[in-house]
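For the record, the sequence lines run as chains A and B.
All residue numbers for the first sequence refer to this note's numbering, where the first residue is 1 and numbers rise by one.
All residue numbers for the second sequence refer to this note's numbering, where the first residue is 222 and numbers rise by one.
Even glycine gets a Cβ: it sits at the ideal position worked out from N, Cα and C.
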Amino acid sequence: MQDTWFVIPLFNEEQVIADVVRDVRRTFPHVVCVDDGSSDGSAAAADAAGAVVVRHPVNLGQGAALQTGFEYALSDPGMRWVVTFDADGQHQVSDVLEMLEKARAENLDVVFGSRFLDQRTQAGALKKLVLRMAVAYTNLTTKTRLTDAHNGLRVINRDVVSRLSITQNRMAHASELVAQIGALDIRYGESPVHVLYTDYSRSKGQSLWNAVNILVELILR
Amino acid sequence: MKIVLIQILLIVVVIAVVARLFRSRGARAQAIRRLGLLLFAAFAVVSILFPSVWNRIAQLVGVGRGTDMVLYALVVAFLSFTVTTYLRFRDLETRYTKLARRLALDEAAVQYPGSGGDLGDVLDQPGGRD
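If you want it as structure tokens, here you go:
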């Protein structure tokens with residue numbers, strides 16, 4: 001557990017971030033929250049809950065926050081694994097344990113979380129359709145074959161983290177990350193995760209219109 | 222159907238401009254853009270002195286009126302401007318992101334010494350890090 005760093009991009013999640021960090025730190029002591037220019041007390045709440053908080057001086061986007069978190073985690077020579085985790089409490093630490101177990105058992109460099117490998121995740125029909133189309137597009141344009149490309153829960157080993165360079169600051173970073181991993185000659189797998197859509201995460205979650213923005217950002221790169 | 226000629230021409234130009242701007246950056250692309258601008262300015266002077274030149278070009282490619290020709294040229298120019306500006310903003314954003322990230326990581330290294338490896342120690346040395 002000492003060799004694992006949780007990277008949590010943080011933007012205006014004051015209400016829930018302390019609980020999320022505390023919950024993670026019961027199992028994994030190393031958590032870095034990258035505060036992406038929040039205007040509320042998110043950074044202070046995360047810091048109080050025991051996370052390292054790296055503060056972007058201005059809002060740069062979730063992709064930029066992930067890359068900053070990766071670079072922070074790389075500064076710890078003892079880090080072997082990075083877990084990317086959402087700040088809004090929709091991911092489960094128990095899923096991460098299974099993903100790490102799978103990575104070690106099957107000698108994988110990257111394990112992607114997937115909502116669509118089992119029936120636990122309750123998503124609306126339209127959301128499901130858009131996510132499926134996003135996966136189809138990602139599979140078509142990269143060398144990977146995945147069932148869920150836009151899940152924020154991933155386990156990545158040190159070697160791969162050091163070779164990633166996310167340049168898509170905004171939402172298209174998930175596809176970019178998959179594309180970069182697909183281009184590397186490494187072993188990756190998928191593990192079922194339960195994404196918990198609470199009223200809170202639904203109210204904060206990205207609008208489906210973002211699918212259009214992601215597509216444009218990917219084409220005009 | 223003389224109008225087909227201008228349609229084909231414009232579509233080809235639009236695709237060429239977009240492809241060109243998408244695929245190339247660096248000295249050559251910049252030089253081409255500047256030469257293009259120079260030509261554009263020179264042609265602007267010519268067309269001010271001899272407005273009928275547009276009519277002649279228009280008839281040559283089958284548009285009919287010079288004003289229509291100007292409009293089409295403007296559409297192409299505007300499109301290429303939009304794409305160049307977008308790409309330039311992206312480059313700028315990449316640099317600005319790196320700057321902000323460096324700042325954030327350096328501040329964190331001071332604030333949490335030891336927690337993220339030995340960043341804090343390295344910072345104390347003069348010229349210790351990139």
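Pairwise C-alpha distance: residue j and residue i
| i | j | result |
| --- | --- | --- |
| GLN280(B) | LEU230(B) | 14 Å |
| ARG311(B) | LEU300(B) | 17 Å |
| THR303(B) | ARG309(B) | 10 Å |
| TRP81(A) | ILE8(A) | 14 Å |
| ALA87(A) | ALA240(B) | 40 Å |
| LEU324(B) | PRO29(A) | 25 Å |
| VAL130(A) | ILE253(B) | 41 Å |
| ASP40(A) | GLU14(A) | 6 Å |
| THR61(A) | LEU258(B) | Note on residue identity: the sequence assigns Gly, not Thr, to residue 61(A). Those two C-alpha atoms are separated by around 35 Å. |
| ALA261(A) | VAL282(B) | Nothing can be reported for residue 261(A), as the shown portion of chain A is limited to 1 through 221. |
| ASN107(A) | LEU100(A) | 10 Å |
| VAL212(A) | MET133(A) | 12 Å |
Which listed residue (the options) has its alpha carbon closest to that of residue i
| i | options | result |
| --- | --- | --- |
| SER75(A) | TYR200(A), GLY182(A), TRP5(A) | TRP5(A) |
| PHE11(A) | PHE85(A), ARG163(A), GLU106(A), GLY113(A) | PHE85(A) |
| GLN234(A) | ASP3(A), ARG55(A), THR68(A), ASP35(A) | Nothing can be reported for residue 234(A), as the shown portion of chain A is limited to 1 through 221. |
| ALA262(B) | ALA248(B), ALA298(B), ILE232(B) | ALA298(B) |
| ARG170(A) | HIS194(A), VAL130(A), LEU215(A) | LEU215(A) |
| GLN119(A) | VAL193(A), VAL212(A), MET133(A), LEU218(A) | VAL193(A) |
| MET1(A) | ALA18(A), MET79(A), ASP19(A) | MET79(A) |
Under 7 Å from the C-beta of residue i: neighbouring residues of chain B
| i | result |
| --- | --- |
| HIS56(A) | ALA321, ALA325 |
| LEU60(A) | THR318, ALA321 |
| GLU14(A) | Those within 7 Å of GLU14(A) in chain B number zero; the least Cβ separation is about 19 Å. |
| THR68(A) | ARG322, ALA325, LEU326 |
| ALA48(A) | Within chain B, no residue comes near ALA48(A); the closest Cβ sits about 14 Å away, beyond 7 Å. |
Assigned exposure category for residue i - 16 Cβ within 10 Å defines buried
| i | result |
| --- | --- |
| LEU153(A) | buried |
| GLN90(A) | buried |
| ARG286(B) | exposed |
Own chain, CB closer than 6 Å to residue i, minus 5 neighbours either side, in chain order
| i | result |
| --- | --- |
| VAL21(A) | VAL31, ALA46, ALA49, ALA51 |
| VAL234(B) | VAL297 |
Cutoff 8 Å; reference residue i; Cβ partners in own chain excluding five residues on either side
| i | result |
| --- | --- |
| ARG25(A) | VAL31, ALA49, GLY50, ALA51 |
| LYS143(A) | GLY182, ALA183 |
| PRO57(A) | GLY37 |
Neighbourhood of residue i by C-beta distance below 7 Å, restricted to the same chain and skipping five residues each side
| i | result |
| --- | --- |
| ASP109(A) | ASN157, ASP159, VAL160, ILE186, ARG187, TYR188 |
| ARG55(A) | ASP35, ALA43 |
| ASP23(A) | VAL93 |
| ALA174(A) | ALA149, HIS150 |
| VAL274(B) | VAL267, SER268 |
Beta-carbon neighbours of residue i, restricted to chain A and to distances below 7 Å
| i | result |
| --- | --- |
| ALA263(B) | Within 7 Å Cβ-Cβ: nothing; ALA263(B) doesn't reach chain A, min ~31 Å. |
Within chain E, partners of residue i - CB distance below 8 Å
| i | result |
| --- | --- |
| THR315(B) | Of the protein chains in this structure, namely A and B, none is chain E. |
Where residue i meets chain B, residues with beta-carbon distance less than 8 Å
| i | result |
| --- | --- |
| GLU71(A) | ARG322, LEU326 |
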